[in-house]
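There are 2 protein chains.
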Amino acid sequence: MHISQLFLPEVTDAIERGDLQSLRAVFEDLHPSDVAELVHNLSSERVAAVIRLLRFPKGIDVFEQLDLQMQADVLKHLGRIETVNILEELSPDDRVDLLQKLPDQTIESLLPLMAQAERDEVKKLIRYGENTAGALMTTEYAHLPAHIDVSEALDLLRKGAPDTETIYYIYITDSERRLIGALSLRELVLARPTEKIENIMSKDPISVPVDMDQEEVVQKFGKYDFIAIPVVDRDQRLVGIVTHDDAFDVAVEEQTEDVQQLGAVVPLDEPYFQASFWKLAQKRGLWLMLLFVGEFFTGTALRHYHETLENAFTLIYFVPLIVSSGGNAGSQSVTLITRALAVGDVKMRDFIRVLRREAGMGIVLGVFLGVIGFVRAMMWDSGYNISLSIGVALVGVVLTGSLVGSLLPIIFKKMGFDPAIMSSPFVASLLDGIGIVIYFNVAMRLL
Amino acid sequence: MHISQLFLPEVTDAIERGDLQSLRAVFEDLHPSDVAELVHNLSSERVAAVIRLLRFPKGIDVFEQLDLQMQADVLKHLGRIETVNILEELSPDDRVDLLQKLPDQTIESLLPLMAQAERDEVKKLIRYGENTAGALMTTEYAHLPAHIDVSEALDLLRKGAPDTETIYYIYITDSERRLIGALSLRELVLARPTEKIENIMSKDPISVPVDMDQEEVVQKFGKYDFIAIPVVDRDQRLVGIVTHDDAFDVAVEEQTEDVQQLGAVVPLDEPYFQASFWKLAQKRGLWLMLLFVGEFFTGTALRHYHETLENAFTLIYFVPLIVSSGGNAGSQSVTLITRALAVGDVKMRDFIRVLRREAGMGIVLGVFLGVIGFVRAMMWDSGYNISLSIGVALVGVVLTGSLVGSLLPIIFKKMGFDPAIMSSPFVASLLDGIGIVIYFNVAMRLL
Chain A
279 MHISQLFLPE VTDAIERGDL QSLRAVFEDL HPSDVAELVH NLSSERVAAV
329 IRLLRFPKGI DVFEQLDLQM QADVLKHLGR IETVNILEEL SPDDRVDLLQ
379 KLPDQTIESL LPLMAQAERD EVKKLIRYGE NTAGALMTTE YAHLPAHIDV
429 SEALDLLRKG APDTETIYYI YITDSERRLI GALSLRELVL ARPTEKIENI
479 MSKDPISVPV DMDQEEVVQK FGKYDFIAIP VVDRDQRLVG IVTHDDAFDV
529 AVEEQTEDVQ QLGAVVPLDE PYFQASFWKL AQKRGLWLML LFVGEFFTGT
579 ALRHYHETLE NAFTLIYFVP LIVSSGGNAG SQSVTLITRA LAVGDVKMRD
629 FIRVLRREAG MGIVLGVFLG VIGFVRAMMW DSGYNISLSI GVALVGVVLT
679 GSLVGSLLPI IFKKMGFDPA IMSSPFVASL LDGIGIVIYF NVAMRLL
Chain B
279 MHISQLFLPE VTDAIERGDL QSLRAVFEDL HPSDVAELVH NLSSERVAAV
329 IRLLRFPKGI DVFEQLDLQM QADVLKHLGR IETVNILEEL SPDDRVDLLQ
379 KLPDQTIESL LPLMAQAERD EVKKLIRYGE NTAGALMTTE YAHLPAHIDV
429 SEALDLLRKG APDTETIYYI YITDSERRLI GALSLRELVL ARPTEKIENI
479 MSKDPISVPV DMDQEEVVQK FGKYDFIAIP VVDRDQRLVG IVTHDDAFDV
529 AVEEQTEDVQ QLGAVVPLDE PYFQASFWKL AQKRGLWLML LFVGEFFTGT
579 ALRHYHETLE NAFTLIYFVP LIVSSGGNAG SQSVTLITRA LAVGDVKMRD
629 FIRVLRREAG MGIVLGVFLG VIGFVRAMMW DSGYNISLSI GVALVGVVLT
679 GSLVGSLLPI IFKKMGFDPA IMSSPFVASL LDGIGIVIYF NVAMRLL
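Residue numbers (the numbering used here), protein chains in the order written: chain A, 279 to 725; chain B, 279 to 725.
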C-alpha cells in the first residue's frame with residue numbers, strides 16, 4: 279500500500295553509502311509525491327542533494343510536492359542560479375507562496391535574475407490578500423477568443439499547453455479579456471472541427487471575485503463539482519483560475535485549523551511531528567493559561583457562596599455534575615454551529631432560527647438530565663429540597679449552555695473574527711462559572 | 279454573490295401562483311446546483327413538480343444535486359416509469375446510493391423495469407461495503423486497448439463519451455481488463471495522431487484496491503492531485519474510478535463527522551437545519567447522558583475525600599481550576615492526535631513517539647500552570663502547604679490529561695473503532711474524576 283515505505287530501507291542505505299546511481303534509479307520510477315514523502319524526514323541538505331540528482335523535470339516535480347517550509351530550507355542549500363531555475367518552473371501560485379516564506383533580502387536578490395514575465399507575475403500575485411481567491415489562483419490557464427473554430431482552438435491549445443496548469447476547462451474572453459464563456463476540453467474534442475467556439479461555449483460561466491475569501495471559494499467547489507473555477511476582477515476581467523487540487527488542499531487545511539481551534543490549540547500550520555516542541559508548547563500554553571485564568575472566576579464564585587455551602591455541605595458533591603453538564607451542552611452547540619457556518623449550512627441571517635432551535639433543545643435536554651439528576655440525588659439520600667435544586671439547576675445550566683454555545687460563534691463571525699476560536703474548552707470554562715451562579719441561586723431559593 | 283438568493287422571492291411567488299411558465303424560464307438559465315439550492319427548502323411534493331417541469335436533461339441534472347434524503351422523498355411523488363427514467367440516467371454510484379435509501383419492496387418493484395445493463399451494475403455495486411472505494415466509485419469510465427493509435431483512440435472516445443463520467447483520464451487495459459496504463463486527455467490531444475497508445479501511456483499507474491477505506495482514498499487525492507483514481511480488484515482488473523468531486527464531498531463529510539464526534543454529538547449525516555429536532559435531541563441526549571453518568575464518579579470521588587475536605591475547606595475552591603486544567607490539556611491532545619490520524623500525519627507505528635512527546639509536553643505545561651496556580655493560591659492567603667498541593671496537583675493533572683488525551687484515540691483506532699469518538703468532553707469528564715483523585719492524594723500527603 280505505502281509504496282514509499284517499502285523503499286525506505288533501500289533509500290536510507292543508498293544515501294548513507296553516497297550511492298547516487300542506485301538512488302536515482304529508485305526515484306526515477308516513483309511518482310514525485312512518493313519521492314517527496316520518502317525524503318521528507320531527511321535533512322534539507324540531503325533533500326537538496328536529491329533534487330539536484332534528479333533529471334529535469336523530475337527534480338522540479340518533486341520539489342513542488344515538498345511542504346513550504348522544506349522548500350524554503352532546501353533553497354538555502356542551492357545556488358542562486360539553481361534557485362531561479364526552480365522558481366521559474368513553479369506554477370505562479372506556488373512560486374508566490376514560496377517567495378513569501380523567504381527573507382526579504384533573498385527575494386530582492388532573486389527577482390532581478392528572473393525573466394520579466396515571471397517577475398511581473400510575482401508582483402501581481404503578491405498583492406492579493408492572504409486567504410483570498412487571488413492568493414490561491416494560478417495565472418496559467420487556457421483562454422481563447424470566441425470567433426475561432428474548433429480546429430483552430432485545438433491548434434492554439436497545443437501551442438500553449440506546456441504553460442497552462444489545466445486545459446480541461448478553457449475560458450473564452452473578449453478583446454478586453456472579460457470572461458464571456460467557458461468550454462470543457464471534453465466538449466471541444468467531441469465537437470465538429472468547423473464549429474465556431476461561440477456556438478458551443480456556455481455563456482456567463484460561474485466565476486468568483488479576486489477578493490473572495492478562500493473558504494467561500496472552496497464551498498463553490500463542493501457545490502459545483504468543478505475541476506477549476508475562473509477568478510475575475512471588478513471589471514469582470516479574467517485574472518486567473520483556482521484548480522480543484524488547490525481547493526482540496528485548502529479545504530483540508532482550513533478544516534485542520536478549525537478542529538485545532540475548537541480543541542483550544544492555536545492552529546499549528548504544519549503536521550503534528552513537524553511542529554517544533556517549543557512552538558507547540560507555546561501554542562497550547564497560551565490557551566491553557568487563558569482558560570486557567572478564566573477558571574479563577576469559578577473559584578471566586580464558589581467562595582462567594584461559602585455560607586450556603588457550609589449550611590448544606592451536600593451541595594458540593596454535585597458541583598462537578600452540574601457545571602460539566604452545562605459545558606458539555608455548550609460544547610455540542612459550539613461544535614455544531616461552527617461547523618455548519620464553515621460548510622455554509624447555517625448563514626448569518628439564520629441567527630433567530632438558531633436561537634429558537636437551541637432554546638428548545640436546551641429545555642428538552644435540560645429536563646431530561648434534570649430528571650436523572652433528581653433521581654440520582656434522591657437515591658443518595660440528599661433530601662427532597664436539595665434533589666429538587668439539582669434538577670432545576672440542571673435545566674437552567676443546560677439551557678444556558680446551548681444558548682451560549684450556539685450564539686458565541688455567530689456573534690464572533692458577525693464581528694469579523696473566526697467563529698472557531700470560540701473553542702469548546704472556552705465555552706466549557708465560561709459555563710463552569712455561570713453554572714455555579716445558577717446552581718447556588720436556585721439552591722438558596724429552594725432551601 | 280448568492281445568485282439563488284436573488285431569485286428566491288420570484289420563485290416562491292411563481293410557485294404560489296402556480297405559474298409554471300415563468301418558473302421554467304427562471305430555472306432554465308440557472309446552473310443545476312443553484313436550482314437545487316433554491317428548491318431545497320420546499321416540500322418534496324413541490325420539488326417533484328419542479329423536476330417534472332424542467333426539460334430533459336435539466337430535470338435529471340437538478341435531481342442529481344439534491345441531497346439523498348430529498349431524492350428519496352421526491353421519488354415518492356413520481357410515477358414508477360418516471361422513477362425508472364431518472365434512475366437509469368443517474369451515474370451508477372449515485373444510483374446505488376439512492377436505491378439503498380429506498381425501502382426493499384420499492385427496489386424489488388423498480389429493478390424489473392430497469393434495463394439489464396443497469397440492473398447488473400446495481401447488483402455489482404451494492405455488494406461493496408459501505409465507506410469503501412467500491413461503494414464510492416463509478417463504473418462509467420473511459421478505457422482503451424494499448425495497441426491502437428491516437429486518432430483511433432479519439433474516435434472511440436467520441437463514441438463512448440456520453441456514457442463516461444470523465445474522459446480526462448483514460449485507462450488502458452489488456453484483454454483481461456487488467457489495468458496496464460493511464461493517459462490524460464491532455465496528453466492524447468497533444469500527441470501525434472499516428473502515435474501508438476502504448477508508447478505514450480504511463481505504465482503501472484497508481485490505483486486503489488476496491489476494499490480500501492474511503493478515508494484512505496481521499497488521502498490519495500490530497501497527495502497526488504488526481505482528477506480521478508482507478509479502482510482495481512484482487513487480480514488487478516479495473517472495476518471503476520473514483521472522481522475528484524466525490525472525493526471532495528467525502529472529505530467534507532468525514533471532516534464534519536469527526537468534528538461532531540469530537541464535540542460529543544453522534545454525527546448528524548445531514549445539514550444542521552435539515553436534521554429533525556427530535557433526532558438531534560436524541561443524538562445529543564445520548565452523549566450528554568453518558569457524560570452525566572460519568573460525572574457520578576467525580577461526585578463519588580469528592581465524597582470519598584470528605585474528611586480531608588472538612589479539615590481544609592479551602593481546598594474546595596480550587597477543585598474547578600484543577601480538574602478543568604486536566605480536561606483542557608486532554609482536549610488539546612485528543613484534538614491534535616485525532617486530526618493527525620485522520621489526515622495521516624500520525625500513523626499507528628508512531629505510538630511511542632507520540633507518548634514521549636506528550637509526556638514532555640504535559641510536564642512543561644503542567645509546571646507552567648502549576649507555578650501560576652501556586653502564586654494565585656498564595657495571593658488568596660491559602661497558606662504555603664495548600665498552595666504547594668495545588669501547584670503539584672496541577673503538574674500531575676495536566677500530565678495525565680496530555681497522556682490520556684493522546685493515547686485514547688490511538689488505542690481506539692488500534693481496536694478498530696473510529697478514534698474521533700474519544701470526544702473532547704469525554705476526555706474532560708474522565709479527567710474530572712482522575713483530577714480529584716490526584717488533587718486530594720497530593721493534598722493528604724502534603725498537609
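Every residue, glycine too, gets a C-beta built ideally from N, C-alpha and C. Fair warning: this is a prediction, and the values are worked out from it, not measured in the lab.
Contact with chain B by residue i, beta-carbon distance below 8 Å
{"i": "A/F526", "result": "yes"}
{"i": "A/H534", "result": "Residue identity check: residue 534 of chain A is Thr in the sequence provided, not His. Yes, its Cβ sits closer than 8 Å to a Cβ of chain B."}
{"i": "A/T576", "result": "yes"}
{"i": "A/F652", "result": "no"}
{"i": "A/T361", "result": "no"}
{"i": "A/Q492", "result": "no"}
{"i": "A/L708", "result": "no"}
{"i": "A/I426", "result": "no"}
{"i": "A/H421", "result": "no"}
{"i": "A/M348", "result": "no"}
{"i": "A/L368", "result": "no"}
{"i": "A/A671", "result": "no"}
{"i": "A/V720", "result": "no"}
The beta strand (DSSP E) enclosing residue i, as first and last residue numbers
{"i": "B/H421", "result": "Y419 to L422"}
{"i": "B/V340", "result": "Taken as a continuous stretch (DSSP letters only), B/V340 belongs to no beta strand (DSSP E), being part of the alpha helix (DSSP H) at K336 to Q343."}
Limits of the alpha helix (DSSP H) - the one that residue i falls within
{"i": "B/V488", "result": "Counting along the chain, B/V488 falls outside any alpha helix (DSSP H), and DSSP gives it neither H nor E."}
{"i": "B/G648", "result": "F629 to M657"}
{"i": "A/T616", "result": "V597 to V621"}
{"i": "A/L376", "result": "P370 to K379"}
{"i": "B/L724", "result": "S702 to L724"}
{"i": "A/Q349", "result": "L346 to L353"}
{"i": "B/G674", "result": "Y662 to K692"}
{"i": "A/E408", "result": "Neither: A/E408 is in no alpha helix (DSSP H) and is coded neither H nor E."}
{"i": "B/D527", "result": "H522 to L540"}
{"i": "B/F695", "result": "Where B/F695 is concerned, there is no enclosing alpha helix (DSSP H), given that its DSSP letter is neither H nor E."}
{"i": "A/D382", "result": "D382 to L388"}
Residue i at chain A interface by Cβ criterion, 8 Å
{"i": "B/D523", "result": "yes"}
{"i": "B/I484", "result": "yes"}
{"i": "B/R634", "result": "no"}
{"i": "B/T451", "result": "no"}
{"i": "B/D489", "result": "no"}
{"i": "B/M479", "result": "no"}
{"i": "B/G604", "result": "no"}
{"i": "B/F555", "result": "yes"}
Integer-rounded CB distance, given that residue j should sit under 8 Å from residue i
{"i": "B/D375", "j": "B/L344", "result": "About 12 Å; that fails the 8 Å criterion."}
{"i": "B/E608", "j": "B/G679", "result": "Note that residue 608 of chain B is Gly in the sequence shown here, rather than Glu. Contact flag correct, Cβ pair sits at about 4 Å."}
{"i": "B/Q514", "j": "B/G622", "result": "At roughly 25 Å, the Cβ-Cβ gap does not stay under 8 Å, so B/Q514 and B/G622 are not in contact."}
{"i": "B/Q492", "j": "A/A542", "result": "The pair is not a contact, with the Cβ atoms about 29 Å apart (cut-off 8 Å)."}
{"i": "B/V682", "j": "B/L647", "result": "About 16 Å; that fails the 8 Å criterion."}
{"i": "B/A590", "j": "B/L725", "result": "6 Å"}
Exposed unless 16 or more other CB atoms sit within 10 angstroms - verdict on residue i
{"i": "A/S300", "result": "exposed"}
{"i": "A/R631", "result": "exposed"}
{"i": "B/Y419", "result": "buried"}
{"i": "B/N606", "result": "buried"}
{"i": "B/Q539", "result": "buried"}
{"i": "A/D523", "result": "buried"}
{"i": "B/P471", "result": "exposed"}
{"i": "B/K481", "result": "exposed"}
{"i": "A/T576", "result": "buried"}
{"i": "B/K354", "result": "exposed"}
Exercise for the section: For the region 431–494 of chain B, list the alpha helix (DSSP H) runs that are entirely contained and at least 4 residues long, ordered along the chain. Expected result: Fully enclosed alpha helix (DSSP H) runs of 4 or longer: 463–468 and 475–478.
Handout entry: Runs of beta strand (DSSP E) wholly within the region 492–520 of chain A (minimum 3 residues, chain order)
Key = Whole beta strand (DSSP E) segments, 3+ residues: 506–510.
Practice task
Output the residue ranges of the alpha helix (DSSP H) runs that lie fully inside the region 300–339 of chain B and measure 4 residues or longer, sorted by chain position.
Solution key: You should have 310–317 and 322–331.
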